[in-house]
Amino acid sequence: MRRLQDTLNRPSLALTLLLAAAIPLSACADPDEIPAGQVVVCFAGPSETLADPMGDQFIKGLQGTVVFDKPIEDTQVDLYCRETAKRVLQIDVEGEPWSVGYATQDHHGADVTPEVGFETGQPIHLVMSRRPYADLYYAFSARAENGLFLAMDDGLGTQLTNNNTLDFTVSMGNATGATEDDSCGTRAAHELVFKSEDTVSIDGGERSTITLSDGTATVMNIAAWRYDGDVCMEPWGPNSIQAWVAWRAAPL
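Start counting the sequence shown at 33; every next residue gets the next number (our numbering).
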């Protein structure tokens with residue numbers, strides 16, 4: 033509940049959700065034994081939509097050129113998630129800057145944020161998505177003409193795949209056997225299933241490769257779990273989480 037209040041009370045062009053193992057937004061315990069890492073995504077740009085404190089749903093596609101993709105401490109971009117993001121991708125769209133702050137952390141707390149290596153001046157297609165579900169959930173994808181690619185979803189799992197933004201799908205797979213009991217019930221870890229030209233199933237904290245229409249990419253299950261009840265989760269959040277990252281760091 034406190035995270036939701038913090039989000040709604042901060043007027044900013046850049047809004048974020050910090051997804052951690054302690055997803056429940058009520059009086060639930062802080063489970064940290066099943067493999068659940070975190071994804072950070074936030075946006076900044078000239079659009080007032082990004083600053084809307086009520087968190088209207090949107091998905092926006094932009095075609096521009098890369099200004100930079102570098103560690104956040106090397107930038108002056110005003111991002112809501114400056115304290116938790118590791119990198120910033122900024123693109124120029126007809127003279128206006130649009131920025132994405134991002135980071136991924138595994139269940140051991142180690143930084144696993146991909147460094148794709150987008151180069152200044154190269155054409156790029158950026159898609160940003162936000163969906164309110166009691167809290168605000170974020171996702172983005174960025175694809176350069178030479179095949180460099182990065183996509184993240186901080187918890188709902190299908191913001192991009194449901195809009196045909198990507199040429200693969202992500203879904204909840206089988207339970208892995210890792211569970212944790214707290215005042216919300218039993219939280220069970222699950223595989224994430226990535227499907228395109230082929231299909232791979234990945235446990236929490238693990239990564240693999242998938243064959244896309246234009247070549248292979250790396251995919252990673254950052255956090256995937258589901259509660260067997262909704263005592264704590266409704267109306268303050270979803271009953272399951274699917275956080276993932278996919279990327280290609282070598283040109284085609």
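C-beta atoms are modelled at their ideal positions from N, C-alpha and C, and glycine is treated no differently.
message: What does the alpha-carbon distance come out to for the pair A207 and K227?
response: Approximately 18 angstroms, taken between the alpha carbons.
- prompt: A255 to L180, Cα distance in whole Å?
  reply: The alpha-carbon atoms of A255 and L180 are separated by roughly 24 angstroms.
- prompt: For S272, which option in V202, R280, W257, P283 has the closest C-alpha, if you only look at C-alpha atoms?
  reply: Nearest option by C-alpha distance: W257.
- request: Taking F90 as the reference, give the member of E80, G217, V98 with the closest Cα.
  value: Among E80, G217, V98, the Cα nearest to that of F90 is on E80.
Whole-angstrom distance between A278 and G133, CA atom to CA atom: Each residue's Cα considered, the two are about 16 angstroms apart.
Neighbour-count burial assignment, E223, 16 or more Cβ in a 10 Å radius: The residue is buried, with at least 16 neighbouring Cβ atoms inside 10 Å.
message: Do I234 and F200 count as a contact pair if the criterion is CB distance below 9 angstroms?
response: No, the Cβ-Cβ distance between F200 and I234 is not below 9 angstroms.
task: Just tell me which of L198, G69, K92, E229 has its CA closest to the CA of R163.
output: Of L198, G69, K92, E229, the residue nearest in Cα terms is K92.
task: Please report how far the alpha carbon of V202 lies from the alpha carbon of D186, in whole angstroms.
output: Looking at the two C-alpha atoms, the distance is approximately 13 angstroms.
message: My parser needs the beta strand (DSSP E) runs of 3 or more residues fully inside the segment 186-224; what are they?
response: DSSP runs (the beta strand (DSSP E)) wholly in the segment 186-224: 201-214.
Cross-strand partners of G133 (DSSP beta bridge): Looking at the DSSP assignment, G133 forms a beta bridge with C74, V120.
task: Please confirm whether V148 and S131 have their CB atoms less than 9 angstroms apart.
output: In this structure, S131 does not lie closer than 9 angstroms to V148 by Cβ.
- request: Tell whether a beta-carbon distance below 9 angstroms holds between T152 and S173.
  value: No. Outside cutoff.
message: Give me, in chain order, the residues of the same chain whose beta-carbon lies closer than 6 angstroms to that of E212; leave out the 5 immediate sequence neighbours on both sides.
response: Counting only Cβ-Cβ distances below 6 angstroms, and skipping sequence neighbours, we find P63, E65, I66, R219.
- prompt: To which residues of the same chain is R246 closer than 7 angstroms at the C-beta, ignoring the five residues directly before and after it?
  reply: What sits at residue 246 in the sequence shown is Asp, not Arg. These residues qualify, in order along the chain: G179, L284.
- prompt: Looking at the structure shown, is E128 part of a helix, part of a strand, or coil, going by DSSP?
  reply: Correct three-state label for E128: strand.
- prompt: Where DSSP assigns a beta bridge to H157, which residues make up the other side?
  reply: Note: H157 sits in a beta bridge opposite Q95, R175.
- prompt: Whole-angstrom Cβ separation of V71 and T136, contact assumed at under 8 angstroms?
  reply: The Cβ separation is near 5 angstroms, so the contact holds.
field: Collapsed DSSP secondary structure at L82 in the structure displayed
entry: L82: helix per DSSP, three-state reduction.
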